[in-house]
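**Q** This structure is in structure tokens; I'll ask about it shortly.
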Amino acid sequence: MEQYFRWAGNAVTGDLGVSFRSGETVTSLIAERLPATLTLAVAALVVALLIALPLGMLSALHPRSLVDRFATVVSQLGISVPDFWLSIMLILIFAGTLGWLPSGGYVPLTEDPWGWFQRLILPAVATGVVSGSVITRFVRSSMLEALGSDHVRTAEAKGLPTRQVLSWHVLRNALLPLVTVTGVQLAYLLSGVVVVEIVFSWPGLGQLALQAVRDRDFPVLQGAVLLFALVFLVINLLVDLLYSRIDPRISRR
Amino acid sequence: MTAPVLAVEDLRVQLRTPRGTAHVVNGLDYTVGPGETVAVVGESGSGKSVSVLALMGLLPARTATVTGRALLQGEDLLAMSPDRLRQVRGPGIGMVFQDPMTSLNPVLTVGRQLVEGIRAHQQVTRQAARARAVELLAEVGLPDPQRAVDRYPHELSGGMRQRVVIAIALSNSPALLVADEATTALDVTVQAQIIDLVERLQSEHGTGVVWITHDLGVVAGIADRVLVMYGGRCVEDGTVDDVLERPAHPYTRGLLGALPDLAEPLSDGRRPDLATIPGVPPPPTDLPAGCVFWPRCPVRGDARCETEQPPLAFVESLSRATGSSLPHRAATWCGEGAR
Amino acid sequence: MTQLPTPGANPAEPPPAEPIPPSRPARPRWRETLGLLARNPTAAVSAVVLVLIVLVALFDETLAPDGPNDQDQSIALQPPSWSHPFGTDEFGRDILSRVVLGAGTSLRVGFLSVAFALVVGTLIGLLAGFYGKWVDDVLMRLMDMLFAFPAVLLAIAVVAIRGTGPANAILAIGIVYVPIFARVTRASVLGVREEVYVRASRSIGASDFRLLTRHVLPNAAPPIIVQTSISLAFAVLAEAALSFLGLGPRRPNPSWGLMLADGRGFIEQAWWYSVFPGLAIVLTVLCFNLLGDGLRDVLDPRQRTLTAGSGR
Ligand SMILES: Nc1ncnc2c1ncn2[C@@H]1O[C@H](COP(=O)(O)OP(=O)(O)OP(=O)(O)O)[C@@H](O)[C@H]1O
Ligand SMILES: [Mg+2]
Numbered sequence: 002m003e004q005y006f007r008w009a010g011n012a013v014t015g016d017l018g019v020s021f022r023s024g025e026t027v028t029s030l031i032a033e034r035l036p037a038t039l040t041l042a043v044a045a046l047v048v049a050l051l052i053a054l055p056l057g058m059l060s061a062l063h064p065r066s067l068v069d070r071f072a073t074v075v076s077q078l079g080i081s082v083p084d085f086w087l088s089i090m091l092i093l094i095f096a097g098t099l100g101w102l103p104s105g106g107y108v109p110l111t112e113d114p115w116g117w118f119q120r121l122i123l124p125a126v127a128t129g130v131v132s133g134s135v136i137t138r139f140v141r142s143s144m145l146e147a148l149g150s151d152h153v154r155t156a157e158a159k160g161l162p163t164r165q166v167l168s169w170h171v172l173r174n175a176l177l178p179l180v181t182v183t184g185v186q187l188a189y190l191l192s193g194v195v196v197v198e199i200v201f202s203w204p205g206l207g208q209l210a211l212q213a214v215r216d217r218d219f220p221v222l223q224g225a226v227l228l229f230a231l232v233f234l235v236i237n238l239l240v241d242l243l244y245s246r247i248d249p250r251i252s253r254r
Numbered sequence: 023m024t025a026p027v028l029a030v031e032d033l034r035v036q037l038r039t040p041r042g043t044a045h046v047v048n049g050l051d052y053t054v055g056p057g058e059t060v061a062v063v064g065e066s067g068s069g070k071s072v073s074v075l076a077l078m079g080l081l082p083a084r085t086a087t088v089t090g091r092a093l094l095q096g097e098d099l100l101a102m103s104p105d106r107l108r109q110v111r112g113p114g115i116g117m118v119f120q121d122p123m124t125s126l127n128p129v130l131t132v133g134r135q136l137v138e139g140i141r142a143h144q145q146v147t148r149q150a151a152r153a154r155a156v157e158l159l160a161e162v163g164l165p166d167p168q169r170a171v172d173r174y175p176h177e178l179s180g181g182m183r184q185r186v187v188i189a190i191a192l193s194n195s196p197a198l199l200v201a202d203e204a205t206t207a208l209d210v211t212v213q214a215q216i217i218d219l220v221e222r223l224q225s226e227h228g229t230g231v232v233w234i235t236h237d238l239g240v241v242a243g244i245a246d247r248v249l250v251m252y253g254g255r256c257v258e259d260g261t262v263d264d265v266l267e268r269p270a271h272p273y274t275r276g277l278l279g280a281l282p283d284l285a286e287p288l289s290d291g292r293r294p295d296l297a298t299i300p301g302v303p304p305p306p307t308d309l310p311a312g313c314v315f316w317p318r319c320p321v322r323g324d325a326r327c328e329t330e331q332p333p334l335a336f337v338e339s340l341s342r343a344t345g346s347s348l349p350h351r352a353a354t355w356c357g358e359g360a361r
Numbered sequence: 002m003t004q005l006p007t008p009g010a011n012p013a014e015p016p017p018a019e020p021i022p023p024s025r026p027a028r029p030r031w032r033e034t035l036g037l038l039a040r041n042p043t044a045a046v047s048a049v050v051l052v053l054i055v056l057v058a059l060f061d062e063t064l065a066p067d068g069p070n071d072q073d074q075s076i077a078l079q080p081p082s083w084s085h086p087f088g089t090d091e092f093g094r095d096i097l098s099r100v101v102l103g104a105g106t107s108l109r110v111g112f113l114s115v116a117f118a119l120v121v122g123t124l125i126g127l128l129a130g131f132y133g134k135w136v137d138d139v140l141m142r143l144m145d146m147l148f149a150f151p152a153v154l155l156a157i158a159v160v161a162i163r164g165t166g167p168a169n170a171i172l173a174i175g176i177v178y179v180p181i182f183a184r185v186t187r188a189s190v191l192g193v194r195e196e197v198y199v200r201a202s203r204s205i206g207a208s209d210f211r212l213l214t215r216h217v218l219p220n221a222a223p224p225i226i227v228q229t230s231i232s233l234a235f236a237v238l239a240e241a242a243l244s245f246l247g248l249g250p251r252r253p254n255p256s257w258g259l260m261l262a263d264g265r266g267f268i269e270q271a272w273w274y275s276v277f278p279g280l281a282i283v284l285t286v287l288c289f290n291l292l293g294d295g296l297r298d299v300l301d302p303r304q305r306t307l308t309a310g311s312g313r
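Taken in sequence, the protein lines are chains H, R and C. Sequence positions in the first sequence follow my numbering and run 2 to 254. Sequence positions in the second sequence follow my numbering and run 23 to 361. Sequence positions in the third sequence follow my numbering and run 2 to 313.
As structure tokens, this is what we get:
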């Protein structure tokens with residue numbers, strides 16, 4: 002905790018300055034791009050959880066079953082696939098061959114909600130699959146651990162209905178640490194979308210940062226890095242706070 | 023004689039492990055009558071916990087193979103449907119687990135964990151169940167039970183948690199109580215209190231009790247009969263008096279420090295304890311062919327020891343002498359000759 | 002009251018279902034490890050595939066069917082065929098040959114950056130774990146700060162400051178993994194520091210260096226080896242990402258990431274241009290991950306290392 006605070010002290014005092022290239026203030030440049038990046042990161046997280054929760058739980062409940070093997074293979078692949086290549090493949094299939102979705106771009110939600118949603122799907126899936134794979138493995142191992150724990154045996158010995166054992170004694174305990182993992186993944190997603198943004202021409206911070214590197218526009222780059230670090234820190238802080246609220250072992254200390 | 027609460031017949035448990043099949047329980051036979059207490063003793067790893075977990079169907083289904091019969095009030099636990107087994111867990115068998123530190127769910131309050139057990143089997147309101155939970159906590163001697171119900175396990179000491187686990191086991195007034203090292207973490211006064219409680223339960227409800235312990239003091243105090251386990255087998259059983267006063271198996275005598283070779287006082291005058299039986303128990307993946315105790319046995323009085331498993335046979339009994347019919351049995355070849 | 006003093010009678014201790022592994026001898030048992038690994042088919046296959054990939058990278062010039070830079074406009078953007086199994090690019094260059102040559106670039110950058118992270122991180126972890134106190138505080142706080150930065154961004158920042166090119170890509174990727182190695186090493190060192198034989202040899206006057214090299218390092222080795230395999234997977238991914246963004250090695254030397262960047266422009270006409278280099282990345286990364294998981298099962302049953310995918 003304290004390291005974060007020390008960190009925060011340094012991070013927020015920096016004056017973000019003015020872009021070498023456009024002359025705009027870095028703050029305004031970032032403010033312009035931040036919503037798009039946040040949108041994408043959150044959408045990717047939703048995709049990740051939609052994949053990970055059912056897959057992780059099912060495979061823990063039926064170890065070595067078909068579902069489990071499928072989940073293992075999928076998550077292993079998901080971890081090994083470069084997100085930008087996955088993006089290209091998705092474009093190839095869904096925008097090219099099938100022609101179902103646009104291959105990139107961005108329209109504001111306020112102008113064209115359907116268009117916004119259509120353009121969000123592919124980048125969100127491309128980034129979400131990777132995080133989803135990480136979270137799947139986590140959910141599985143944490144469920145397995147919970148399933149084998151002594152207190153679950155006590156619950157079974159009480160003669161509780163299976164559903165109650167699973168929901169109150171297995172899931173609840175297994176998913177508590179998921180809060181932390183999800184937070185960390187959100188933080189990684191925020192930086193991970195950098196590359197995917199480029200592929201889908203998504204006007205977020207990633208594009209801004211990359212352009213800044215190419216232009217050697219240091220104030221902008223510095224601002225972006227600082228912002229990401231700040232976001233990282235805030236998320237970790239929030240996760241700590243949230244965790245201490247939901248886990249009695251911590252909050253009652 | 024009244025029908026037993028529990029009759030275990032030829033109970034065997036095999037566990038698949040990375041190092042091969044572990045023969046953890048190898049043919050247990052015993053009965054527990056109404057109101058009767060059977061103490062199970064034996065070294066660590068002799069299969070005590072596994073044998074009772076098997077009764078309740080709590081061994082991992084994926085790795086455990088359980089055979090034999092275990093009749094709870096005439097109904098075979100090992101052949102029950104999962105639904106029926108669920109009904110029996112709680113009111114049929116209450117179990118106190120060995121490790122109080124991990125046996126409770128860390129993120130639920132003590133009260134909740136008691137209440138859910140009560141409400142799984144009794145049609146009572148949440149309030150009534152909670153009131154009953156407070157009552158139970160008071161009965162097991164937890165100080166300030168009104169507040170304790172709302173606490174989380176980590177806020178309680180090991181001994182307090184152990185009492186909560188006991189309260190959970192008793193909450194549905196089980197026909198059979200299985201206590202695995204139930205009082206080991208408790209100090210003597212609390213231990214006495216728990217034992218009183220269990221004895222009251224026994225006289226009121228005719229509860230049968232299986233009491234696993236390392237504590238011979240407890241055995242002498244509460245048990246009607248004793249079952250000595252070694253290497254997953256019953257090597258000796260009988261009434262407390264028979265087993266403690268006239269142990270027939272070299273292992274039992276070793277446990278009791280009664281074996282002549284081993285009972286020599288040490289130089290400082292103390293009696294040597296069990297640790298002085300040389301060697302360690304055989305791994306359940308690799309049991310000896312003959313008598314399980316043979317590799318460590320200081321007597322080895324018979325040629326068959328190494329090759330042939332001794333059956334559990336009747337041996338001399340105090341109660342026989344006094345005209346009662348409670349058997350005293352031991353599985354050893356040197357039983358007749360060595361005594 | 003008589004207690005049966007059975008070993009392990011402490012009720013707070015769970016029954017010893019798994020025997021606690023005896024403290025490792027000073028040197029990892031290579032034979033045994035390899036034997037165990039061979040019994041894990043996934044890891045074994047991964048290891049074999051990786052060896053093949055490394056061989057391909059070593060003998061790329063010989064193995065590549067065509068010169069990777071041989072241009073022939075008449076066969077530009079040809080789909081896969083017998084003469085060009087992976088097709089050709091917009092200059093008529095053989096994509097298979099370029100993928101083969103890209104292996105060299107990817108693995109070189111991957112290995113060197115992990116080597117950098119390994120050496121620096123292990124050193125920091127050793128110092129922090131072994132000397133403790135303020136050394137530990139300062140070093141690990143530094144590592145925490147570094148770790149707090151998202152990996153891609155950190156790499157981009159390094160390239161932004163130092164310019165593009167292979168050396169800087171190596172540095173950029175290496176820096177990202179220094180904290181991970183430092184943490185893993187430190188944890189192992191703390192684990193073995195107090196073990197009996199370390200204390201024993203300290204008391205007979207062994208020097209710190211001797212202690213580090215003879216006792217601590219070999220004991221810390223298993224998790225470090227596992228971490229190395231997993232980090233190699235990340236490093237290959239990171240190299241591809243940097244190249245894809247144009248921040249890695251430069252043209253015309255082929256690199257998988259760079260090929261994907263070039264192929265993007267032809268995605269509608271030439272799917273093979275984007276598919277095959279990507280598959281090469283996936284295969285390599287997958288094998289490093291699988292090998293890492295297999296090694297972990299064998300070497301590090303207590304799971305001190307990060308799982309694949311965390312820290313990405
Ligand atoms: N889940 C399991 N998988 C494999 N082997 C097991 C498992 N549980 C117990 N065992 C093994 O079974 C044997 C008997 O264990 P058990 O827990 O029944 O011993 P115990 O008599 O209760 O000992 P203690 O006095 O220490 O409680 C031991 O050798 C143990 O290693
Ligand atoms: Mg036990």
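Where is the CB? At the ideal position from N, CA and C, for every residue including glycine.
Between which residues of its own chain and R:L208 is the CB-CB distance below 8 Å, once the five residues before and five after are set aside?
**A** Closer than 8 Å at the Cβ level, and outside the excluded window around R:L208, lie G181, Q184, R185 and I216.
**Q** Taking any Cβ of chain H, which residues in the stretch 239-254 of chain C have a Cβ under 8 Å from it, in chain order?
**A** Within the stretch 239-254 of chain C, the qualifying residues are A241, A242, F245, L246, G247 and L248.
**Q** If you run the structure through DSSP and keep just helix, strand and coil, what is R:R362?
**A** An answer regarding residue 362 of chain R cannot be provided, because it is not within the stretch 23 to 361 covered by chain R.
**Q** Below 8 Å between beta carbons: does that hold for C:L147 and C:P180?
**A** Result yes, Cβ atoms of C:L147 and C:P180 sit closer than 8 Å.
**Q** At a Cβ threshold of 8 Å, is H:T181 touching chain R?
**A** Chain R, which has no Cβ nearer than 8 Å to the Cβ of H:T181, makes this no.
**Q** Once DSSP output is grouped into helix, strand and coil, what is the label at C:G88?
**A** Note: C:G88 maps to coil in three-state DSSP.
**Q** Kindly list the residues whose CB is nearer than 6 Å to the CB of R:E65, restricted to its own chain and excluding five residues on each side of it in sequence; keep chain order.
**A** Only P303 meet the Cβ criterion.
**Q** At 8 Å on the CB atoms, spell out the chain H contacts of C:S275, in chain order.
**A** The contacting residues are W86, I89, M90 and L93.
**Q** Please indicate yes or no: does the CB of R:L238 lie closer than 7 Å to some heavy atom of ligand 1?
**A** Answer for R:L238: no, Cβ out of range of ligand 1.
**Q** Can you say whether H:W169 is buried or exposed, counting buried as having 16 or more other CB atoms within 10 angstroms of its CB?
**A** It counts as buried.
**Q** Can you round the beta-carbon distance between R:D202 and R:I234 to whole angstroms, since I take them to be within the 8 Å contact cut?
**A** Right, the Cβ-Cβ distance comes to about 5 Å (below 8 Å), so this counts as a contact.
**Q** Taking DSSP as the reference, what is the three-state secondary structure of R:C319?
**A** If DSSP states are grouped into helix, strand and coil, R:C319 belongs with coil.
**Q** Where R:H350 and R:T274 are concerned, what is the direct C-alpha to C-alpha distance, given to the nearest angstrom?
**A** R:H350 and R:T274: Cα-Cα distance of roughly 13 Å.
**Q** Should R:Q168 go down as buried or exposed, given a rule of 16 or more other Cβ atoms within 10 Å for buried?
**A** The residue in question, R:Q168, is exposed, as its Cβ has fewer than 16 Cβ neighbours within 10 Å.
**Q** Apart from the five residues just before and just after C:G175, which ones in its own chain have a Cβ nearer than 6 Å to its Cβ?
**A** Around C:G175: S114, F117 and A118.
**Q** Can you tell me whether R:V250 is helix, strand or coil according to DSSP?
**A** Three-state DSSP puts R:V250 in a strand.
**Q** When you compare only the Cα positions, how much space is there between R:L278 and C:P224?
**A** Taking the straight line joining both Cα atoms gives about 47 Å.
**Q** Give me the residue from R:V47, R:V30 and R:D32 with the minimum Cα distance to R:R364.
**A** Outside the shown range of chain R (23 to 361) lies residue 364 of chain R, about which nothing can therefore be said.
**Q** For a cutoff of 8 Å on Cβ pairs, would you count H:L222 as touching chain C?
**A** Yes - at least one Cβ of chain C is within 8 Å of the one on H:L222.
**Q** Quick check: is the beta carbon of H:V235 nearer than 8 Å to any beta carbon in chain C?
**A** No, H:V235 lies away from the interface with chain C (no Cβ there is under 8 Å from its Cβ).
**Q** Taking 7 Å as the cut-off, is the C-beta of R:T85 nearer than that to any heavy atom in ligand 1?
**A** Yes, the Cβ of R:T85 comes within 7 Å of a heavy atom of ligand 1.
**Q** Between H:Q223 and H:A230, what straight-line distance do the alpha-carbon atoms span, to the nearest angstrom?
**A** The straight-line gap from Cα to Cα measures roughly 11 Å.
**Q** Output, in chain order, the set of chain A residues within a Cβ distance shorter than 7 Å of H:F71.
**A** Structure shown: chain A not included; protein chains present are H, R and C.
**Q** Just curious, the beta strand (DSSP E) that R:C256 is in, first and last residue?
**A** Counting along the chain, the beta strand (DSSP E) containing R:C256 begins and ends at R255 to T261.
**Q** Could you check what DSSP says for R:R6 in three-state terms: helix, strand or coil?
**A** In the structure as shown, chain R starts at 23 and stops at 361, and residue 6 of chain R therefore has no counterpart that could be examined.
**Q** Confirm, please, whether the CB-CB distance from C:L291 to C:A44 is below 8 Å.
**A** The answer is yes: Cβ separation under 8 Å.
**Q** Could you give the DSSP three-state label for C:D95: helix, strand or coil?
**A** DSSP places C:D95 in strand when its eight states are reduced to three.
**Q** Which ranges does the beta strand (DSSP E) cover as unbroken runs of at least 3 residues, wholly within the stretch 77-154 of chain H, from first to last along the chain?
**A** None, since the stretch 77-154 of chain H contains no complete beta strand (DSSP E) of that length.
**Q** Within the 8 Å Cβ cut-off, does H:I52 reach chain C?
**A** Not one chain C Cβ lies under 8 Å of H:I52.
**Q** From the DSSP output, which residues share a beta bridge with R:M117?
**A** Per DSSP, R:V200.
**Q** According to the neighbour-count rule (16 or more other Cβ atoms, all chains shown, within 10 Å of its Cβ), is C:F182 buried or exposed?
**A** So C:F182 ends up on the buried side.
**Q** From the DSSP output, in three-state form, read off H:R246 for me.
**A** H:R246 falls in the helix class under three-state DSSP.
**Q** Look at the Cβ atom of C:L243, then the Cβ atom of C:A173, and state whether they are nearer than 8 Å.
**A** Cβ atoms of C:L243 and C:A173: closer than 8 Å.
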